[in-house]
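To start, the structure itself, in structure tokens.
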Amino acid sequence: MTIPYEVKPSDEIKGAPEVSYYTPEQPVPAGTFYPQSPDEVAPKIFQPLKIGKLTLHNRIGVSPMCQYSADYNFEATPYHLIHYGSLVVRGPGITIVESTAVSPEGGLSPHDLGIWKDEQAQKLKPIVDYAHSQKQLIAIQLGHGGRKASGQPLFLHLEQVADKSVNGFADKAVAPSPLAFRPNGNLPVPNELTKEEIKRIVKDFGAAAKRAIEISGFDAVEIHGAHGYLINEFYSPISNKRTDEYGGSFENRTRFLKEVIDSVKSSIPKDAPVFLRISAAENSPDPEAWTIEDSKKLADILIEKGIALVDVSSGGNDYRQPPRSGISKELREPIHVPLSRAIKQHVGDKLLVSSVGGLEKDPELLNKYLEEGAFDFALIGRGFLRNPGLVWEFADKLGVRLHQALQLGWGFWPNKQQIIDLIERTSKLDVN
5 MTIPYEVKPS DEIKGAPEVS YYTPEQPVPA GTFYPQSPDE VAPKIFQPLK IGKLTLHNRI
65 GVSPMCQYSA DYNFEATPYH LIHYGSLVVR GPGITIVEST AVSPEGGLSP HDLGIWKDEQ
125 AQKLKPIVDY AHSQKQLIAI QLGHGGRKAS GQPLFLHLEQ VADKSVNGFA DKAVAPSPLA
185 FRPNGNLPVP NELTKEEIKR IVKDFGAAAK RAIEISGFDA VEIHGAHGYL INEFYSPISN
245 KRTDEYGGSF ENRTRFLKEV IDSVKSSIPK DAPVFLRISA AENSPDPEAW TIEDSKKLAD
305 ILIEKGIALV DVSSGGNDYR QPPRSGISKE LREPIHVPLS RAIKQHVGDK LLVSSVGGLE
365 KDPELLNKYL EEGAFDFALI GRGFLRNPGL VWEFADKLGV RLHQALQLGW GFWPNKQQII
425 DLIERTSKLD VN
């Protein structure tokens with residue numbers, strides 16, 4: 005093979021400035037569409053998306069997925085750098101770090117990440133720095149487990165409490181009402197929150213967001229308001245039986261969420277995007293359960309509150325219907341697409357909407373959903389666990405080319421023009 009440029013012994017590509025060790029500075033983010041002719045147009049899935057001050061280079065994101073790998077101080081370990089590093093270097097539009105507890109009693113398990121201390125935020129910074137060294141965007145999901153806190157890691161059991169012998173804290177579990185997730189089940193009856201405790205947790209969300217942006221350096225934060233965790237427990241009638249200003253009416257049940265949003269947004273720069281994950285429907289046999297119509301009503305509030313993107317999921321608050329994913333046998337499409345579509349049709353261009361669950365199955369179908377405006381952005385979880393190079397695989401299946409990280413793409417030797425483009429961008433090598 006003839007290399008179409010001259011490399012001198014003194015030439016190099018400089019190291020990325022965001023980290024203290026050498027990794028080559030990327031000319032463009034991996035996952036960016038690379039047209040092969042002047043008139044080639046990117047499929048919608050590989051078109052940029054503007055979210056507040058951020059520009060995502062494609063419309064495929066890594067959904068937050070608990071790894072149950074934090075140490076007993078709820079701090080990130082080298083595992084997290086390896087895990088998230090292997091994802092970001094392969095070019096998703098944005099990567100969202102797993103649900104991270106804002107309060108000591110709010111962890112989903114004893115091995116979940118926390119961010120109620122500065123030291124915990126500092127442990128997350130190397131992950132963020134590496135993402136930025138690759139010109140990639142990274143966010144973090146902030147959550148509180150509520151009555152489902154202090155569970156065993158899900159790779160051990162889907163619904164079992166972690167006791168004090170394994171650093172559990174189930175006796176400190178809290179919720180809007182003293183109702184266990186499952187009557188006579190393994191998870192405990194939670195302590196009903198006082199108004200003072202509610203105010204403290206609201207402040208905890210704001211303080212956690214501030215640490216995430218100012219100490220860790222994340223580009224955005226996502227509030228976890230889904231899957232039966234504390235925020236979801238408040239806005240759902242089946243888990244909130246309070247009679248004060250935090251219970252009863254729709255306005256009262258959503259009050260906690262609204263206060264959390266205000267706390268988060270007032271604690272970080274105005275241009276830092278805030279996402280919100282919701283269970284758009286509870287899929288519950290309970291006639292009082294939260295429905296898609298409630299979510300449409302909530303979406304209007306989210307627009308007023310300045311939420312940048314609503315991340316649409318479902319379920320998790322009723323033991324009779326856990327969170328769903330994959331393909332609906334009845335509808336024959338990814339399970340949350342109908343919910344995302346309904347909300348998108350309701351909000352129009354006033355709010356960005358993402359969907360999650362089963363979207364990795366068919367990139368052509370996913371591109372079709374994006375083209376028709378069913379939602380604006382795709383979040384994929386298990387697909388990335390199986391294949392960190394999913395974005396690249398999608399491009400191959402759609403017959404388009406993407407820029408790849410220098411460390412990975414060289415083995416798939418690019419065409420001459422791409423090499424010349426690289427040289428011109430880096431201004432380090434002389435082209436013949």
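If you're matching positions, the sequence shown starts at 5 in the working numbering and goes up one per residue.
All C-beta atoms, glycine included, are put in the ideal place defined by N, C-alpha and C.
Just so you know, these numbers come straight off a predicted model, no measurement behind them.
- Message: What residue range does the beta strand (DSSP E) around residue 279 cover?
- Response: Unbroken beta strand (DSSP E) run through residue 279: 278-283.
- Message: Spatial neighbours of residue 301 within its chain, please: C-beta separation below 8 Å, excluding the five flanking residues on both sides.
- Response: Residues 254 of the same chain have their beta carbon placed closer than 8 Å to that of residue 301, with the five preceding and five following residues left out of the count.
- CA nearest to the CA of residue 64, picked from 408, 400, 380 and 413: Its Cα nearest to that of residue 64, the residue 380 stands out among 408, 400, 380 and 413.
- Could you tell me the distance, in whole angstroms, from the CA atom of residue 111 to the CA atom of residue 258? Using only the alpha carbons, I get a separation of about 22 Å.
- Item | residue 349: first and last residue of the uninterrupted alpha helix (DSSP H) it sits in | For residue 349, the enclosing alpha helix (DSSP H) starts and ends at 341-351.
- Query: Under a CB-based cut-off of 8 Å, is residue 165 close to chain C?
  - Reply: The chain labelled as chain C is not found in the depicted structure, where only one protein chain is given.
- Inter-residue spacing [alpha-carbon to alpha-carbon] between residue 114 and residue 17: Each residue's Cα considered, the two are about 43 Å apart.
- Supposed contact pair residue 228 and residue 320 - C-beta distance, whole angstroms, cut 8 Å: That pair is no contact at about 11 Å.
- Between residue 57 and the rest of its own chain, which residues show a CB-CB distance below 6 Å, the 5 nearest in sequence each way excluded? Correct list, in chain order: 275.
- Item | Same chain, Cβ closer than 7 Å to residue 251, neighbours up to 5 away in sequence not counted | Cβ neighbours of residue 251 beyond the five flanking positions: 180, 244, 245 and 257.
- Item | Reference residue 60; option with closest CA among 85, 233 and 96 | Per the Cα distances, 96.
- Task: Please list the segments of the alpha helix (DSSP H) lying wholly inside the stretch 140-173, counting only runs of 4 or more residues, in order along the chain.
- Result: Complete alpha helix (DSSP H) runs here, min 4: none at all.
- Return the Cβ separation of residue 322 and residue 242 in integer angstroms, given the expectation that the two are a contact with Cβ distance under 8 Å. About 6 Å separates the two Cβ atoms, so the contact holds.
- Query: Where DSSP assigns a beta bridge to residue 243, which residues make up the other side?
  - Reply: Note: residue 243 sits in no beta bridge, so no partner.
- Message: For the stretch 182-199 against the stretch 123-137, do three or more pairs of beta-carbon atoms, one drawn from each stretch, fall closer than 8 Å, so that the two count as touching?
- Response: The stretch 182-199 vs the stretch 123-137: no contact.
- For residue 137, does the three-state DSSP call read helix, strand or coil? Helix, per DSSP.
- Task: Pick helix, strand or coil for residue 267, following the three-state DSSP scheme.
- Result: In the three-state scheme derived from DSSP, where H, G and I count as helix and E and B as strand, residue 267 is classed as helix.
- Just how far apart, CA to CA, sit residue 339 and residue 30? In this model, residue 339 and residue 30 are separated by some 37 Å (Cα to Cα).
- Could you spell out where the alpha helix (DSSP H) holding residue 400 opens and where it closes? Note, residue 400: alpha helix (DSSP H), 394-402.
- Between residue 317 and residue 345, which are expected to be in contact by the criterion C-beta below 8 Å, what is the C-beta distance as a whole number of angstroms? Actually they are not in contact, since the Cβ atoms of residue 317 and residue 345 sit about 14 Å apart, beyond 8 Å.
- When we look at the beta-carbon of residue 198 and count the other beta-carbons within 10 Å, is it buried (16 or more) or exposed? With fewer than 16 other Cβ atoms within 10 Å, it is exposed.
- Query: For residue 271 versus residue 210, is the C-beta spacing smaller than 8 Å?
  - Reply: It is a contact, given that the beta carbons lie within the stated cut-off.
- Query: Do the stretch 31-49 and the stretch 365-372 touch if we need at least three Cβ pairs shorter than 8 Å?
  - Reply: Counting Cβ pairs under 8 Å, three or more are found: they touch.
- Message: I'd like to check one pair, residue 62 with residue 395: are the Cβ atoms closer than 8 Å?
- Response: By the CB criterion at 8 Å, residue 395 and residue 62 fall inside the cutoff.
- Contacts around residue 306, its chain only, beta-carbon distance under 7 Å, and the 5 residues preceding and following it disregarded: Hits under 7 Å: 280, 314 and 355.
- Under the DSSP definition of a beta bridge, which residues are partnered with residue 378? Residue 378 is not bridged to any residue.
- Message: Between which residues of its own chain and residue 431 is the CB-CB distance below 8 Å, once the five residues before and five after are set aside?
- Response: In this predicted model, residue 431 has a pLDDT of only 47, less than 50, meaning its place in the structure is not dependable; the value taken from the coordinates is given anyway. Nothing meets the Cβ criterion.
- Item | Pick from 71, 350 and 107 that is closest to residue 205, judged by C-alpha positions | Of the residues 71, 350 and 107, the one whose Cα lies closest to the Cα of residue 205 is 107.
- Start and end residues, beta strand (DSSP E) containing residue 85: Here residue 85 belongs to no beta strand (DSSP E); instead the alpha helix (DSSP H) covers 82-92.
- Straight-line CA distance for residue 283 to residue 81? Spanning the two alpha carbons is a distance of roughly 30 Å.
- Beta-carbon spacing of residue 98, residue 166 below 8 Å: Judged by beta-carbon spacing, residue 166 lies beyond the 8 Å limit of residue 98, meaning their Cβ atoms are not closer than that value.
- In or out: residue 169 buried (at least 16 other Cβ within 10 Å) or exposed? Exposed, by the Cβ-count rule.
- Message: Looking only at its chain, what residues have a beta carbon closer than 7 Å to the beta carbon of residue 387, apart from the 5 residues adjacent to it on each side?
- Response: Within the same chain, Cβ atoms closer than 7 Å to the Cβ of residue 387 are found at 364 and 394, the five residues on either side in sequence being excluded.
- Would you call the CB atoms of residue 299 and residue 285 closer than 8 Å? Taking the C-beta atoms as reference points, residue 285 is found nearer than 8 Å to residue 299.
- Message: Please report the distance separating the alpha-carbon of residue 27 from that of residue 20.
- Response: If you take the alpha carbons of residue 27 and residue 20, they lie about 6 Å apart.
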